[in-house]
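What follows is a short report on a single structure.
In the working numbering, the protein residues as written are 7 to 513.
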């Protein structure tokens, strides 16, 4: 039937291209794409019956329209006969197809990355897209079968079972180390996994969020091809979904973009409670990818394809090993006037180091129930910037920093820290936890400060509301670093090229 349908479409829309996988066929014809499900039963999915194929076409439309409503258009019956099929019509359906808007394949994120065209603006927009998607999803009911910690552990164990089959002694030793870490990390995080499930962090996500399933259309990122055939693969902790994306970026050689998308996601959602699970989820996702590559290698007929799949498998295992290396937590705070480049420098560090950044401008708005880019219109020492709100913001930042440090993560707090008392609060916090503490004292020439503040005040979309009046007020109340603080300070002239401070252990 497929060949006959291609002929029918070719007569109506011109040349037709066909993309096939083991479970589907996509027909590209003119401005449309038509996706058919193959009548196969692979155990984890069953498309053998016409009723099943119709059901899963409808599920694919429902699920993917949440993120790509302009891409997924309808479910069409295929009528006529196997020898003379046609899309649509009023006759009896002999099969079903998902009708989609066709898009340029070179616009997918994996192609953009391979061509050196994937930029920070793409990543920032994607982080906002995923964050907004996750936040509007209803949580799984507590009595649902999804997101149970024990099921996640069993899935992780299944990865090792599949990967050990036929592995070399060297690979087996690597898998043994990863398996031991997985079991230990699961025991450490089991209670948190269970609590997040109760707290509503398990949701009906996309399920297959890697770069090949995201396209840049009309100036926006559009995730597509979410999993429709198995609810258990899409109902998951939202941090588990994010980890698939960050792992995929890292395995493709862009850990900088992985860190950037995580940073922007955390700013957008405030879901710092899931940070202790990042390592567990990323290692799990790397091993899933390794398993899939290993199975692909086993089924490959051409030696070149087998070699490529095995290389991907080994690369994912190496990534997983890198992810389980202990990191050394530290606490750093920025310090400086408006326009001194604190946030710009923090942005730069985020891409180069495995750290968690807490930004006061964002957290202040969050405490007030406002979006990060919201304009409050508050004057100096008024509204959102009155003393009690600022004090509450710094207390909130300190609480978050404590939790993240205890979870083993380095923390960078991006705030002005003009008052000695607030700096002391964080120095004492670091001392109480026995972690290194540094002050990143950001400076720039006065004319640079003013031009930066003016430029940012004229732009929309940033969390900071500083203007020249704020800069002048800060100068008047600025409390310079004392002698003890100066010994902990690293002066960063942000008008010059940046460098990573040695104590941060740059990769």
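For each residue, glycine too, the CB sits at the ideal point set by N, CA and C. Just so you know, these numbers come straight off a predicted model, no measurement behind them.
task: For residue 147, count neighbouring Cβ atoms within 10 angstroms of its own Cβ and tell me buried if that reaches 16, exposed if not.
output: Start at 1 with the first residue of the chain shown, and residue 147 comes out as number 141. Counting Cβ neighbours within 10 Å, residue 147 comes out exposed, since fewer than 16 surround it.
task: Determine the direct distance from the alpha carbon of residue 130 to that of residue 141, and round the result to whole angstroms.
output: The residue given as residue 141 occupies position 135 in the chain shown. The residue given as residue 130 occupies position 124 in the chain shown. Cα to Cα, residue 141 sits roughly 17 Å from residue 130.
query: For residue 506, is the classification buried or exposed, using 16 other Cβ atoms within 10 angstroms of its Cβ as the cut-off for buried?
result: Taking the chain shown and counting its residues from 1, the one referred to as residue 506 is at position 500. Exposed, because fewer than 16 other Cβ atoms sit within 10 Å of the Cβ of residue 506.
task: Specify whether the segment 427 to 437 and the segment 374 to 382 touch according to this definition: at least 3 beta carbon pairs, one from each stretch, less than 8 Å apart.
output: no
- request: Would you mind giving the Cβ-Cβ distance between residue 119 and residue 260, rounded to the nearest angstrom? I have them listed as a contact below 8 Å.
  value: In the chain shown, the residue the question calls residue 119 occupies position 113. In the chain shown, the residue the question calls residue 260 occupies position 254. That pair is a contact at about 7 Å.
task: Ignoring anything shorter than 3 residues or poking outside the segment 382 to 436, list the beta strand (DSSP E) runs there in chain order.
output: 417 to 420
Whole-angstrom distance between residue 39 and residue 25, CA atom to CA atom: On the chain shown, position 19 is the one that residue 25 refers to. On the chain shown, position 33 is the one that residue 39 refers to. Their backbone Cα atoms lie some 10 Å apart in a straight line.
- prompt: Are the beta-carbon atoms belonging to residue 236 and residue 356 less than 9 Å from one another?
  reply: Position 230 of the chain shown, counting from 1, holds the residue named residue 236. Position 350 of the chain shown, counting from 1, holds the residue named residue 356. For residue 236 and residue 356, no; Cβs fall outside 9 Å.
message: Taking the beta carbon of residue 510 as the centre, do at least 16 other beta carbons fall within 10 Å, making it buried, or is it exposed?
response: Looking up residue 510 in the chain shown gives position 504. Buried.
field: Completely contained beta strand (DSSP E) runs for the segment 135 to 222, where each covers 3 or more residues
entry: 208 to 210
query: Which word fits residue 257, buried or exposed, when buried means at least 16 other C-beta atoms lie within 10 angstroms of its C-beta?
result: Here residue 257 is taken as the residue at index 251 of the chain shown, counted from 1. It is buried - the Cβ of residue 257 has at least 16 other Cβ atoms within 10 Å.
message: Suppose the cutoff is 6 Å on Cβ atoms and the five residues either side in sequence are ignored; what does the same chain contact list for residue 414 look like?
response: If you number the chain shown from 1, residue 414 lands on position 408. Here the set comprises 335.
7 Å Cβ shell around residue 240 - same chain, five flanking residues per side excluded: Position 234 of the chain shown, counted from the start, is the residue given in the question as residue 240. The residues are 210, 211, 212, 213, 232, 233.
- prompt: In this structure, what does DSSP give as the bridge partners for residue 341?
  reply: As a first step, residue 341 must be located in the chain shown, where it is residue number 335. In DSSP, residue 341 forms a bridge with 447.
message: So, under 8 Å CB-CB, residue 90 and residue 10 are touching, yes? Tell me the CB distance rounded to an integer number of Å.
response: To locate residue 90, count along the chain shown from 1; it is residue 84. To locate residue 10, count along the chain shown from 1; it is residue 4. Right, their Cβ atoms sit about 6 Å apart.
Candidates 500, 394, 340: closest to residue 491 by CA position: Along the chain shown, read from residue 1 onward, the residue named residue 491 stands at position 485. Nearest of 500, 394, 340 to residue 491, Cα basis: 340.
DSSP three-state assignment for residue 282, whether helix, strand or coil: Translated into the one-based positions of the chain shown, residue 282 becomes position 276. Three-state DSSP puts residue 282 in a helix.
DSSP state of residue 320 mapped onto helix, strand, coil: On the chain shown, residue 320 is found 314 positions in, with the first residue counted as 1. Three-state result, residue 320: helix.
- prompt: According to the Cβ coordinates, are residue 501 and residue 347 closer than 9 Å?
  reply: Start at 1 with the first residue of the chain shown, and residue 501 comes out as number 495. Start at 1 with the first residue of the chain shown, and residue 347 comes out as number 341. Yes, Cβ-Cβ distance for residue 501 and residue 347 is below 9 Å.
- prompt: Taking the DSSP output, what are the residues bridged to residue 31?
  reply: Position 25 of the chain shown, counted from the first residue, corresponds to residue 31. Answer by DSSP bridge pairing, in chain order: 26, 42.
task: State the Cα-Cα distance for the pair residue 174 and residue 309, rounded to the nearest angstrom.
output: Start at 1 with the first residue of the chain shown, and residue 174 comes out as number 168. Start at 1 with the first residue of the chain shown, and residue 309 comes out as number 303. Straight-line Cα distance between these residues: approximately 19 Å.
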